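Numbering (our numbering), first residue to last: 1147 to 1519. Yeah, the Cβ is synthetic: ideal placement off N, Cα and C, and Gly gets one too. It should be emphasised that the depicted structure is a prediction, and the values quoted were computed from it without experimental measurement.
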Ligand SMILES: *Cc1c(COP(=O)(O)O)cnc(C)c1O
């Protein structure tokens, strides 16, 4: 058993995911696990067929519509299976009866997973790969040779492992844009109406694991196949208002609380973006001024505001850094197992003051090391 006294109080969470949640949301969750005031029941025991839950889904959907500025021609769905299920549902739906390949950007670990999964369902073409550069940069729009006949164009707005983020929508307006925004959804204005389908699981920027938000333009699904298992058919979930089978009631409720927080406490995605920029600028500034002590992974032009990936001089130094950081109360800084190194994830709920504390720790760690050598 873990003794509570062994865990430092107020550990700051820089985990790559599941990530930090806003303090005020965590307090409301504590209350809701005991009892949701309007219902007299614990959130963990409320029927998904209750009027209360239908209202939760409606408000969460409305909040996402208003945060993204979506018109009535979009559906907002709460699905299960994570981003990984969308890696499959997208090609299963959109490659049916199509001979032209869908086009994918291979910009890092997660787009590699999306490409491998899509290849199982039909023809796809990788229009750009960053593999030769160890996924340290993203393509410029003019590096992509795109076909206007492609059934759709897929990319990942923020490569969570490598810390690469596109600055604006990629692709041709004539081809449906499909984007995995799992790790930067609602972190900044995103011109959502230029996309035909956006998916984002909750556990990085939006809530706990268990629910995935899908935003899809109605016209994209007009010719979708009818032979798919009903659970993998977007139409089943549209018709059932995201209540086709028992949905993750708790996770959807937390998404509602987080979207309320974004609207009411933060004041929308524009304000969120300004806070996120300040957080990232602090750490990247520190990397750049460290005279090579901290070495950023991403090309400065493509650096992610959400995931700051970097290395130290040796794996031993990185181990030392991680151990000291943990002892000082900073959690979740180990890089993804595929890349190693260090990664500080600065999702929406990570506060500027938490990042200031981390920056101070990094400054002190460097000074200490220089003094010892
Ligand atoms: C974490 C991550 C995934 C994996 O999502 P699951 O919900 O675990 O399937 C997919 N895409 C991106 C961009 C991610 O960051």
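Around the beta carbon of residue 1286, fewer than 16 other beta carbons sit within 10 angstroms, so the residue counts as exposed. Sequence-distant Cβ neighbours of residue 1499 in its own chain, meaning closer than 8 Å and more than five residues away, do not exist here.
With fewer than 16 other Cβ atoms from the protein chains shown falling within 10 Å of its own Cβ, residue 1372 counts as exposed. DSSP, read as helix, strand or coil, puts residue 1271 in strand. The DSSP-derived three-state label of residue 1184 is coil.
Counting only residues of its own chain and dropping the five nearest sequence neighbours on each side, residue 1456 has a CB closer than 7 Å to the CB of 1433, 1440, 1441, 1442, 1443, 1487 and 1488. For residue 1347, the distance from the CB to the nearest heavy atom of ligand 1 is below 7 Å. The continuous stretches of beta strand (DSSP E) do not include residue 1203, which lies in the alpha helix (DSSP H) extending over residues 1197–1214. Straight through space, the alpha carbons of residue 1193 and residue 1279 are spaced by roughly 50 Å.
For residue 1462, the enclosing alpha helix (DSSP H) begins and ends at 1461–1473. Of all alpha-carbon atoms in 1468, 1300 and 1494, the one lying nearest the alpha-carbon of residue 1511 is that of 1468. When only Cα atoms are considered, residue 1360 and residue 1304 end up about 16 Å apart. Out of 1332, 1306 and 1162, the CA that lies nearest to the CA of residue 1215 is found in 1332. Set against 7 Å, the gap from the CB of residue 1353 to the closest heavy atom of ligand 1 is not smaller. Shortest Cα-Cα distance from residue 1395 to any of 1170, 1161 and 1175 involves 1175. Burial check for residue 1516: the Cβ neighbour count within 10 Å stays below 16, so the residue is exposed. At least one heavy atom of ligand 1 sits closer than 7 Å to the Cβ of residue 1302. For residue 1322, the number of other beta carbons within 10 angstroms of its own is at least 16, and it is reported as buried. Taken in chain order, the whole beta strand (DSSP E) runs of length 3 or more contained in the segment 1287–1350 are 1299–1302, 1323–1326 and 1343–1347. Here DSSP, grouped into helix, strand and coil, assigns residue 1159 to strand.
Counting C-beta pairs closer than 8 Å gives fewer than three between the segment 1202–1213 and the segment 1420–1435, which falls short of the contact rule. Classified as buried, residue 1363 has 16 or more neighbouring CB atoms from the shown chains inside 10 Å of its CB. Apart from sequence neighbours up to five positions away, the residues of its chain that approach residue 1167 with a beta-carbon distance below 6 Å are 1495, ordered along the chain.
Membership of residue 1502 in the alpha helix (DSSP H) is indicated by the continuous run 1498–1517. By the Cβ rule, the segment 1313–1328 counts as touching the segment 1220–1236, because three or more pairs are nearer than 8 Å. Closest by C-alpha distance to residue 1378, out of 1224, 1165 and 1157, is 1224. Secondary structure note for residue 1406: its alpha helix (DSSP H) is the uninterrupted segment 1395–1406. Taking 7 Å as the cut-off, the C-beta of residue 1364 does not count as close to any heavy atom of ligand 1.
Setting aside the 5 residues that flank it on each side, residue 1402 is surrounded in the same chain by 1202, 1205, 1206 and 1209, each with a C-beta closer than 8 Å to its C-beta; the list follows chain order. Annotated three-state conformation of residue 1488 is strand, per DSSP. Contact between the segment 1248–1267 and the segment 1381–1399 is absent, with fewer than three C-beta pairs closer than 8 Å.
In its chain, beyond the 5 residues on either side, 1178, 1179, 1180, 1181 and 1182 have a beta carbon closer than 8 Å to the beta carbon of residue 1188.
Between residue 1160 and residue 1504, the gap from beta carbon to beta carbon is short of 8 Å. Listed in chain order, the non-local C-beta contacts of residue 1424 below 7 Å within the same chain comprise 1498, local neighbours out to five positions each way being set aside.
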